[in-house]
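Enquirer:
Residue numbers (the working numbering), protein chains in the order written: chain A, 4 to 901; chain B, 8 to 281.
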């Protein structure tokens, strides 16, 4: 069907199936990839465009009704290339992180701003309520829309980049829709994969005659087509098949890959796929997995146990002398990452190499894992990361990569795979459900004496990052406190749930819910203010941790608590005044503290960074540290620029490509600023040293780069180097945080440094309905040094939004919540006003004293909210999410009355 | 590829419906049910039929065209009688969905959690259906026959929703309970229309949604409200009035919670209508 309509002011003619979605017509046929597809169901709003001046989800509009209509997309906001005021405002405010929701946000904002150039906050929220963002916590988005006529940000001069609120250097493509995510640059001649997945959590199966399907398609891949059919994070646990071989262990597991023209694979009906299923009773939950007669999920893992271990220090019977003892058991659910960009990518064979363009957090691990699966040397695999539309740990595991690689290798053609939203949710890893049993005791003065914490995790069907979670949690489970007698334990069991993997915090957020409830209870028992109690016990520089590590520097929890104290006092009185009115609405204030080890636990995790000056004067940072929205492209450049002594504005960036950059490890464990940032600093310094040597200049010389002319001024003497003659020059820096292995009692140095934080939450509980509205959060974070305060706040605000979701609404149930309307993440109306207080207790090892902040933002949020709920209602919640019915039932059980 | 037809007249649409088609209105339920697969069924797109659009007032009441979007309803100048329906409209999805989704689509989809059903029930809405054999009208309660089931016969289309004029001054309201602020499926909801005379309720219609396969009127509560001074309505609500409801346990809430919350919602709603 031929359709003519106006697109960004220009008439276009389109021809295709009339039921085609406007979103796919824009992207696939008209080449406007700025409109993103996050769900194809109207749940996420990423595809929002203006249709005849009104915002709609373009995934829900039939092309057959488009004749004569007018469509505006993100590409229409800056037709001349000059950013519109709204786009500039998004950039300056840091309102775009990964950028996948940004086009939708911009168009929704355009809808409200066109009618009212100065909308209220409520009007902005109403207008943007239909677009989900998983990165920012919405705070900076609202700010950007409300302050649309913002000032011009100035790029800092040489030597002043660190600490500047520099707009993200990769931001322009994000606010113009030109950034290329996993699904955005698939070659026109690519074949497509549709994965056939298990509808059963546990089943044996036989594949029937694939002849008829193979006749219609380019290929149908089975387990037999995978050279080495096992992958996994750990070198010794390659337990997850690329394609299941006769046995599936979770709902959503990949079984077959249909490869062919896109229309052909989509046209295959489910009933045409010959699989004979023999379902078996699945093991769901920790109790089922640990029952004496439980069948095994992995044949080589007795008792379904993946791993266990712990930390022991002091006396086992340390509770004997305690004045107060608190105990509790706390449970959490599977939590979905819900990045707005589903997994996507494409691969092609280039001679004897395979090249993978996909959304990822970890190019070098992907390279090695694909090499293993395909039985190729690592040098034969090139990973070219696309822009990553959110990761949060979920894109640390392989997803599309092995299937597109195998198919492209076999067929000699580019092959693409873009997960649907339900597929992304069913197939991908989750946060580990946990059962944390905690017991803490203190003396009469409120000093902690002993703690005993056991954390049991449901690691799902495959190991993934389960060992990392089970290792990290015992080190953190006592909380950021000095306690002489400690026993912590972590263990993870296989079940037929989805593989539980890495999710922002690696199990620490689950443990923090327990230790912070214990702090509240002990403070209440001995009659000390909850903040004061934490302050009395907070780890300080010079203290020895439960692992026996002396914290030499940068333990800023005390400063965080001091910064929060006035907010805490004010909130206490405000809450008391509000509650005096005695309505069904009860307010409460709560506090949560955390610490978080930066980088891998007791394992080497080096980064290598390079800074190059080409013969034409092009200055390039070669960074393997992948920016998944958190801002490492900008942070690394700020650090390298100051180390070298040239302005940020002169840098170009080459990032992620395993052929062009060195291994900077994975974007996880809050490690990039600390580890890769230190390597970037060293790379900048290394290049500087080379330049100074060539110019025979002293360490205080200043550099000026003008084309190929590099001027080195030292005192009154200036020396100009001609890069065409002396170049190219390359500086390299490496950093691997110093750690030691932990012994059988968990003694050693698990991390080189720790982030500390405390947050307070003010909530309003509807006693009669059990609903909770978070009214305000104040977050104090010791980040060592804020390299870029705007980006640091962005991490904290985004972490808080995810922590709020963990506390109040997020629960993944296989087969029940595999979409973004049954699985709820916070909307713009759910995330409160957030005030960030940045504490800079310098870490000497870090670049300019910086540590990490990616995960810490999330960890204290749920504890603070749960503490506030307790303060408001007297109910101590032991299971998250605190869905309204669970809280209401708890309120009724304890007989709490307004 | 399946057939696609976008008629511009009702007659043309009804002629086409001599054979089965999937009817496409706002697309907000159609597309989410067809993710990641070819759409190859025959589709009848009713978005170009002028007769299905617009809101008009006649001597007997109002006619809301079947393809009226939630936004069109919100923006229409209508008396306070429609406040409840408008409040519901503002709670349907986000703006994107309100700009696309239609009133009749919400009814035909017949979800137990359809936000449009309780407020339309308490407006005494009737559904106008057209088929080749002629037109008929059904009360809304008779139109939706169960979870995802309606009385729509093969070959029929919903043409309009009719709201009769109450005999006395009337006001209405709606409350929705969900686990987040926007884009949320109702755990429970309540709607009411009250006709007031001399400060007392002269007639009442009250309904609760998402607590049974189809949203239900609560006749016992309606009876109890008649004659009550508007300041004392909330006190009339009694858990026994919820007998017509049959809530279930699901991912959003438990059955017991839904009953409990329905009472609270009803009390708050009636208090707000005083």
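Every residue gets a Cβ at the ideal spot worked out from N, C-alpha and C, and that includes glycine. In this text, all values refer to a predicted model and were calculated from it rather than measured experimentally.
(1) Using alpha carbons as the reference points, say which of A/880, A/767, A/368 and A/868 lies closest to residue 581 of chain A.
(2) Find out if the Cβ-Cβ distance for the pair residue 437 of chain A, residue 335 of chain A is shorter than 8 Å.
(3) Give the single residue among B/14, B/44 and B/83 whose Cα lies nearest to the Cα of residue 50 of chain B.
(4) Between which two residues does the beta strand (DSSP E) harbouring residue 179 of chain B extend?
(5) Considering only the alpha carbon of each residue, which of B/161, B/169 and B/155 lies closest to residue 64 of chain B?
(6) Secondary structure at residue 481 of chain A, three-state DSSP: helix, strand or coil?
(7) Give the single residue among A/633, A/732, A/869 and A/506 whose Cα lies nearest to the Cα of residue 614 of chain A.
(8) To which residues does DSSP link residue 738 of chain A through a beta bridge?
(9) Name the residue from A/576, A/505 and A/619 whose alpha carbon lies nearest to the alpha carbon of residue 472 of chain A.
(10) What ranges does the beta strand (DSSP E) occupy inside the region 25-67 of chain B, keeping only unbroken runs of at least 3 residues that lie completely in it?
(11) To be precise: take each residue of the region 38-70 of chain A, compare its Cβ to all Cβ atoms of chain B, and keep it if any distance is under 7 Å. Which residues remain?
(12) Ends of the alpha helix (DSSP H) at residue 539 of chain A?
(13) Quick one: which chain A residues come within Cβ less than 9 Å of residue 39 of chain B?
(14) What residue does the beta strand (DSSP E) around residue 494 of chain A start on, and which one ends it?
(15) On the DSSP letters alone, give me the boundaries of the alpha helix (DSSP H) that residue 93 of chain B sits inside.
(16) I want to verify the contact list: residues of chain A whose CB lies under 8 Å from the CB of residue 244 of chain B, in sequence order.
(17) Between B/126, B/233 and B/34, which lies nearest to residue 89 of chain B when the distance is taken from Cα to Cα?
(18) Determine the direct distance from the alpha carbon of residue 37 of chain B to that of residue 822 of chain A, and round the result to whole angstroms.
(19) Check whether the region 197-209 of chain A and the region 275-284 of chain A are in contact - that is, three or more C-beta pairs closer than 8 Å.
(20) Less than 6 Å between C-beta atoms, sequence neighbours within five positions excluded: which residues of the same chain meet that for residue 10 of chain B?
(21) Between the C-alpha atoms of residue 392 of chain A and residue 248 of chain B, what's the straight-line distance to the nearest angstrom?
(22) Roughly how many angstroms separate the alpha carbons of residue 144 of chain B and residue 150 of chain B, rounded to a whole number?
(23) Could you work out which residue in A/62, A/117 and A/46 is closest to residue 80 of chain A when comparing CA atoms only?
(24) Under 9 Å between beta-carbons, which chain A residues line up against residue 31 of chain B? List them in chain order, please.
(25) Can the beta-carbon of residue 92 of chain B be found closer than 8 Å to that of residue 72 of chain B?
(26) Kindly say whether residue 838 of chain A, judged by its beta-carbon, lies nearer than 8 Å to any beta-carbon of chain B.
(27) Can you give me, in chain order, the residues of the region 159-177 of chain B that have a beta carbon less than 8 Å from any beta carbon in chain A?
(28) For residue 984 of chain A and residue 329 of chain A, what's the separation of their Cα atoms in angstroms?
(29) Let's test the definition: count the other Cβ atoms within 10 Å of the Cβ of residue 256 of chain B and tell me whether it reaches 16, buried, or not, exposed.
(30) Which same chain residues, not among the five before or five after residue 226 of chain A, have their C-beta less than 7 Å away from its C-beta?
(31) 8 Å is my cut-off, CB to CB: does residue 129 of chain B come that close to chain A?
(32) Taking the straight line between their C-alpha atoms, what separation do you get for residue 147 of chain B and residue 262 of chain B?
(33) With DSSP as the reference, please indicate the residues paired to residue 16 of chain A in a beta bridge.
(34) State the Cα-Cα distance for the pair residue 514 of chain A and residue 188 of chain B, rounded to the nearest angstrom.
(35) Quick check on residue 284 of chain B - is its C-beta less than 8 Å from some C-beta in chain A?
(36) Give me the subset of the region 121-142 of chain A whose CB atoms are less than 9 Å from a CB atom of chain B, sorted by chain position.
Expert: Answer, in terms of the structure:
(1) Measuring from the Cα of residue 581 of chain A, the nearest candidate turns out to be A/767.
(2) The Cβ atoms of residue 437 of chain A and residue 335 of chain A sit closer than 8 Å to each other.
(3) When only C-alpha atoms are compared, the closest one is B/14.
(4) That run of the beta strand (DSSP E) goes 177-184.
(5) Minimum Cα distance to residue 64 of chain B is reached at B/169.
(6) Coil.
(7) For the residues A/633, A/732, A/869 and A/506, the minimum Cα distance to residue 614 of chain A belongs to A/732.
(8) According to DSSP, residue 738 of chain A bridges with A/610.
(9) The shortest C-alpha separation from residue 472 of chain A is found at A/505.
(10) Secondary structure remark: continuous beta strand (DSSP E) runs of at least 3 residues inside the region 25-67 of chain B, in chain order: 29-31, 50-52 and 62-64.
(11) Flagged, chain order: 43, 44, 45, 46, 48, 51, 57, 58, 59, 60, 62, 63, 64, 65, 67 and 68.
(12) In the DSSP assignment, residue 539 of chain A falls within the alpha helix (DSSP H) that extends over 533-540.
(13) Per Cβ cutoff of 9 Å: 42, 43, 44, 45, 46, 62, 63, 822 and 824.
(14) Annotation: the continuous beta strand (DSSP E) that includes residue 494 of chain A extends over 488-497.
(15) Unbroken alpha helix (DSSP H) run through residue 93 of chain B: 90-97.
(16) Correct list: empty, because the minimum Cβ distance to chain A is about 12 Å.
(17) Just measuring C-alpha positions, the residue of B/126, B/233 and B/34 sitting nearest residue 89 of chain B is B/126.
(18) When rounded, the separation of the alpha-carbon atoms in residue 822 of chain A and residue 37 of chain B is 15 Å.
(19) Cβ pair count under 8 Å is three or more, so yes.
(20) Counting only Cβ-Cβ distances below 6 Å, and skipping sequence neighbours, we find 49.
(21) Going from the Cα of residue 392 of chain A to the Cα of residue 248 of chain B covers about 50 Å.
(22) Distance between the alpha carbons of residue 144 of chain B and residue 150 of chain B: 9 Å.
(23) When only C-alpha atoms are compared, the closest one is A/117.
(24) In chain order: 22, 65, 67 and 68.
(25) No.
(26) For residue 838 of chain A, the answer is no, since every Cβ of chain B falls outside 8 Å of its Cβ.
(27) Cβ contacts with chain A: none found.
(28) Summary: the structure shown does not reach residue 984 of chain A, with chain A confined to residues 4 through 901, and so no result is reported for it.
(29) Residue 256 of chain B is exposed by the Cβ-count criterion.
(30) Sequence-distant partners of residue 226 of chain A (beyond 5 residues in either direction) whose C-beta falls short of 7 Å from its own C-beta, in its chain, are 232, 244, 246, 247 and 248.
(31) Residue-level contact check: residue 129 of chain B does not touch chain A, since none of the beta carbons of chain A fall below 8 Å from its beta carbon.
(32) Taking C-alpha positions only, residue 147 of chain B is separated from residue 262 of chain B by approximately 25 Å.
(33) In DSSP, residue 16 of chain A forms a bridge with A/7.
(34) Straight-line Cα distance between these residues: approximately 28 Å.
(35) Since the first and last residues shown for chain B are 8 and 281, residue 284 of chain B lies out of range.
(36) Identification of residues in the region 121-142 of chain A having a C-beta nearer than 9 Å to some C-beta of chain B yields 128, 129, 130, 131, 132, 133, 134 and 135, given in sequence order.
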